[in-house]
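The structure appears below as structure tokens.
In this note's numbering, the protein residues as written are 1199 to 1424.
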């Protein structure tokens, strides 16, 4: 239970040539599904600044060295990317932000005002609601290894929680979309259990447009009906 998980961090983003965030390189449904999964995994989720509302500002590699060292850092960074096909064009290589430039640092600052824009507010609500479920549902309270298991069924990752608890939960994750919903009774180990849908990453309030089905990347959560 001492593990810390993340789906993005400053190294992954800052070491990209242009500092694009995860939400800028994958489709919105996939970002919602991955974010919801992060909020519900056993152990401790780690958030990187602004990911909880899918911040639009990049996080670029910036430095504040003395002039001589700074020049070497700038040259070295661009030299690294020369080995990638996408940067063999010298003009493209020149567009990689200069780590020493004040604008590179300024571009990496969060735009706090965008939290109130619909597409960002919806993602923030997703994080709040999935973390609230994690906090309130008994199945998520014990992160020890014996209280949960994971299996794959037809391309769907099935996380079962609360194996030592009176209340159980199922988290179904399809990070690609288009897979067939598994038979939930097959996840009950022969016991008679009835499940009800609790939340989906693809709900309209989070920026999605479908009911709890797996037509696009989705994280679904079911609780045991009582």
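The beta-carbon is built from N, C-alpha and C at its ideal position, and this holds for glycine as well.
- The beta carbon of residue 1232 sits closer than 6 Å to the beta carbons of 1205 from its chain, once the five residues preceding and following it are set aside; these are given in chain order.
- The beta carbon of residue 1364 sits closer than 8 Å to the beta carbons of 1336 from its chain, once the five residues preceding and following it are set aside; these are given in chain order.
- DSSP places residue 1356 in the strand class (E or B) of the three-state scheme.
- DSSP, read as helix, strand or coil, puts residue 1372 in strand.
- As the crow flies, the alpha-carbon of residue 1331 is around 22 Å from that of residue 1317.
- Excluding sequence positions up to five before and after residue 1221, its CB lies within less than 6 Å of the CB of 1229 and 1252, all in the same chain and listed in chain order.
- The continuous alpha helix (DSSP H) containing residue 1321 extends over residues 1316–1334.
- Boundaries for residue 1416: no alpha helix (DSSP H) harbours it, while the beta strand (DSSP E) harbouring it runs 1416–1422, taken from the DSSP string.
- Look at residue 1225 here: in three-state DSSP terms it is coil, with no helix or strand label.
- Residue 1297 places its beta carbon less than 8 Å from that of residue 1275.
- Taking the CA atoms as reference points, residue 1380 sits about 19 Å from residue 1234.
- Within the model, the alpha-carbon separation for residue 1370 versus residue 1219 is close to 25 Å.
- Cβ neighbours of residue 1294 within its own chain (closer than 8 Å, five residues either side excluded): 1215, 1216, 1275, 1276, 1279 and 1285.
- If you draw a straight line from the Cα of residue 1348 to the Cα of residue 1368, it is about 10 Å long.
- Rounded to the nearest whole angstrom, the C-alpha separation of residue 1359 and residue 1320 is 26 Å.
- In this structure, DSSP gives residue 1394 an extended state, which the three-state scheme calls strand.
- Membership of residue 1209 in the alpha helix (DSSP H) is indicated by the continuous run 1208–1212.
- Inclusion of residue 1306 and residue 1256 in the CB contact set at 8 Å is warranted, their separation being smaller than that value.
- In chain order, 1230, 1233, 1234, 1399 and 1404 place their CB closer than 7 Å to the CB of residue 1324, counting only its own chain and leaving out the 5 sequence neighbours on each side.
- Inclusion of residue 1397 and residue 1338 in the CB contact set at 8 Å is not warranted, their separation being larger than that value.
- Counting along the chain, the unbroken beta strand (DSSP E) around residue 1350 starts and ends at 1346–1351.
- From the listed residues 1266, 1355 and 1326, the smallest Cα separation to residue 1418 is found for 1355.
- Burial state of residue 1346 is buried, judged by a 10 Å Cβ sphere holding 16 or more other Cβ atoms.
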